[in-house]
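**Q** Structure below; questions to follow.
So this is what it looks like as structure tokens:
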């Protein structure tokens, strides 16, 4: 197995169209579902950024938070997947590329860490309530819907990508402290004890690996339960048969 195959990049790419089809929805309905989430997350991001800039005057800190970066990634994923799924539903093309999905553990990690450690004042006013529900609760809701409606199964190789992202963010967090004078997350404060910090640095990636394993297991169960019950488009034969039916 080569490097690309290890990370799921095959030739031809995604021959069974797993990235753009569902066990329970038609490609068109699945594309509309993904587009709806893409629109909501995009509008939420724009509103939060405008509010932070105009009302709170702290927009310069927005991109320092892992939560916000993950939400941007989720928005990008749903836009890309919606466009490719809708194109597939019109029999224009198969998926051409894959990007990291919100079903690989990171999304759930954001939700768990926030509500377990950082949720003080989460509902202090209407804006904070809506923002935290959107970014720290609906994010996992959207990921769960994607898990149950899609045919994607995360690969074990993705844990390496997730760990690299977490390690890279650690650098961003300390650069933010050095340049702007604050810790994005209180548990990163070294003055609270190096041992406690080490526990978080090791524990969060370990939790990510566990979440990835759980998601992978759920996806396997989903496929076993639904694959035999629901017919789905898989390859070019589907397109040919559809075209022939309209001749």
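Numbering (our numbering), first residue to last: 20 to 266. Don't be surprised by glycine CBs; every beta carbon is placed ideally from N, CA and C. It should be emphasised that the depicted structure is a prediction, and the values quoted were computed from it without experimental measurement.
1. Which value, in whole angstroms, describes the spacing of the CA atoms of residue 166 and residue 52?
2. Could you tell me which residues DSSP puts in a beta bridge with residue 169?
3. Which of helix, strand or coil does DSSP assign to residue 203?
4. Less than 7 Å between the C-beta atoms of residue 87 and residue 78, yes or no?
5. Can you find the residues in the same chain that come closer than 7 Å, C-beta to C-beta, to residue 154, ignoring five residues on each side of it along the sequence?
6. How long is the line joining the alpha carbons of residue 74 and residue 103, rounded to whole angstroms?
7. With a Cβ-Cβ cutoff of 7 Å, do residue 108 and residue 47 count as a contact?
8. With 16 as the cutoff for other CB atoms within 10 Å, does residue 129 come out buried or exposed?
9. Using the Cβ count rule (16 or more neighbours within 10 Å means buried), how would you classify residue 33?
10. What first and last residue would you give for the alpha helix (DSSP H) that runs through residue 224?
11. Roughly how many angstroms lie between the CA atoms of residue 82 and residue 132, to the nearest whole one?
12. How is residue 31 classed by DSSP in three states: helix, strand or coil?
13. What's the gap between the Cα of residue 246 and the Cα of residue 219?
14. What number of angstroms, rounded off, separates the C-alpha of residue 135 from the C-alpha of residue 208?
15. So, do the stretch 169-187 and the stretch 225-232 have three or more beta carbon pairs nearer to each other than 8 Å?
16. Tell me which same chain residues have a C-beta within less than 6 Å of the C-beta of residue 238, skipping the five on either side of it?
17. To the nearest angstrom, how far is the alpha carbon of residue 169 from that of residue 192?
18. Report the start-end ranges of each alpha helix (DSSP H) in the stretch 45-108 that is 4 residues or longer and not cut off at the edges.
19. For residue 143, name the three-state secondary structure that DSSP assigns.
20. Spatial neighbours of residue 161 within its chain, please: CB distance less than 6 Å, with the 5 preceding and 5 following residues excluded, ordered by chain position.
21. What would DSSP say about residue 160, mapped onto helix, strand or coil?
22. Below 6 Å CB to CB, which residues in the same chain sit around residue 151 once its five sequence neighbours on both sides are set aside?
**A** Result, derived from the coordinates:
1. If you number the chain shown from 1, residue 166 lands on position 147. If you number the chain shown from 1, residue 52 lands on position 33. So the two alpha carbons sit approximately 13 Å from each other.
2. On the chain shown, position 150 is the one that residue 169 refers to. DSSP, once it has assigned bridges, lists 41 as partnering residue 169.
3. On the chain shown, position 184 is the one that residue 203 refers to. Coil, per DSSP.
4. Counting from 1 along the chain shown, the entry for residue 87 is found at position 68. Counting from 1 along the chain shown, the entry for residue 78 is found at position 59. Against a cut-off of 7 Å, the Cβ pair of residue 78 and residue 87 comes out as no contact.
5. Your numbering for residue 154 matches position 135 in the chain shown. So the qualifying residues of the chain are 86, 90.
6. One-based indexing of the chain shown puts residue 74 at position 55. One-based indexing of the chain shown puts residue 103 at position 84. Going by the C-alpha atoms only, they are around 37 Å apart.
7. As a first step, residue 108 must be located in the chain shown, where it is residue number 89. As a first step, residue 47 must be located in the chain shown, where it is residue number 28. Closer than 7 Å, so yes.
8. By 1-based counting over the chain shown, the position of residue 129 is 110. So residue 129 ends up on the buried side.
9. To locate residue 33, count along the chain shown from 1; it is residue 14. The residue is buried, with at least 16 neighbouring Cβ atoms inside 10 Å.
10. As a working mapping, residue 224 is identified with position 205 in the chain shown. Where residue 224 is concerned, the enclosing alpha helix (DSSP H) stretches over 213-245.
11. Walking along the chain shown from the start, residue 82 turns up at place 63. Walking along the chain shown from the start, residue 132 turns up at place 113. Answer to the nearest angstrom: the Cα atoms are 18 Å apart.
12. By 1-based counting over the chain shown, the position of residue 31 is 12. Residue 31: coil per DSSP, three-state reduction.
13. As a first step, residue 246 must be located in the chain shown, where it is residue number 227. As a first step, residue 219 must be located in the chain shown, where it is residue number 200. Straight-line Cα distance between these residues: approximately 39 Å.
14. Mapped onto the chain shown, residue 135 falls at position 116. Mapped onto the chain shown, residue 208 falls at position 189. Using only the alpha carbons, I get a separation of about 17 Å.
15. yes
16. Stepping through the chain shown from its first residue, residue 238 is reached at position 219. Around residue 238: 172.
17. Counting from one through the chain shown, the residue named residue 169 turns up at place 150. Counting from one through the chain shown, the residue named residue 192 turns up at place 173. Each residue's alpha carbon lies about 34 Å from the other.
18. 46-70, 85-108
19. The sequence position of residue 143 within the chain shown is 124, counting from 1. Note: residue 143 maps to coil in three-state DSSP.
20. Translated into the one-based positions of the chain shown, residue 161 becomes position 142. Result list for residue 161: 56, in chain order.
21. Position 141 of the chain shown, counted from the start, is the residue given in the question as residue 160. It is helical.
22. Counting from one through the chain shown, the residue named residue 151 turns up at place 132. 141.
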